[in-house]
Amino acid sequence: MRVFALAVAFVAAVDAFKPDSNSCVTEEAGLGLGGEYMHHKQAKYVIGEPYAAGSYYRYCFKGKLTCHRDAGIADLPMPKAENCSEVLQKRKLGYFVDPQHTALWPHQTLCYGIKRDDFSDSENKIIDDGLTYLRTTGLTFLTLDECKAAPNADKLCGGCVDYVHVNKKDPNRCSARVGWAKIGPQPLNL
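Reading the sequence shown from the start, the letters are residues -16 to -1, 1 to 174 in mature numbering (1 follows the signal peptide of the UniProt record, and there is no 0).
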């Protein structure tokens, strides 16, 4: 009898945590905010904080997820919905990128290749440590081989043709382009 009661309690507990049909599941948008359940009428800030003008929050209503810009004033009617993907692509890592002037990497995925022979062991370690840190941002960083092996390879990095080419061509300078240049190997000179 005890086992039956425990089984019933377990099933009831599992069912209580199942999202209802009006809840939302957030999409990955390059900020590590994907795969989260939100309840009907729940709001969650994704950029900024409550009552800070220019901040953005996601809002779940009847299974539909929308983004809204906070005007910085409490108790206003809900602002007009904006496209969440566009909102989140504009702001990455605290750096504003205007997609009308800077092409963003498709699907928040940046492909790279490193000319390892250009760098010492200690420099390669620093590069690897930097990549490890960058992977915590919610953006995806793939080597060309990883890109080509991805099931959606045709949609990533211009079909795995465009990538950041990390090299030390000119040891007297450090330079790189910002955004997706769509030129094949895109030099990042360290």
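No residue lacks a Cβ here, since even glycine has one placed at the ideal position from N, Cα and C.
Here the structure is a predicted model, which is why all the values come from computation and not from measurement.
Check                                                                                                                    : Outcome
Alpha carbon of A160 to alpha carbon of V71, nearest angstrom                                                            : 25 Å
Cut-off 6 Å between Cβ atoms - residues of its own chain near P171, not counting five sequence neighbours on either side : H149
Segments assigned beta strand (DSSP E), at least 3 residues, entirely inside the region 9 to 68                          : 27 to 31, 40 to 45, 48 to 53
L77, buried or exposed, once every other Cβ within 10 Å from all chains shown has been counted against 16                : Only weak support exists for where L77 lies, its pLDDT of 44 falling under 50; the value from the coordinates is given anyway. Its Cβ having fewer than 16 others within 10 Å, L77 is exposed.
Under the three-state DSSP convention, the category T86 falls into                                                       : coil
Cα-Cα separation between L174 and E33, rounded to whole angstroms                                                        : 36 Å
Within 8 Å, strictly: CB atoms of A65 and C51                                                                            : yes
Residue from V145, G47, A55 with nearest C-alpha to A37                                                                  : A55
Three-state secondary structure assigned by DSSP to residue 206                                                          : Coverage of the chain is limited to positions -16 through 174, which leaves residue 206 absent and any answer about it impossible.
Simplified DSSP state of L115, which is helix, strand or coil                                                            : helix
N151, DSSP secondary structure in three states                                                                           : strand
Three CB pairs or more closer than 8 Å across the region 124 to 140 and the region 86 to 96                              : yes
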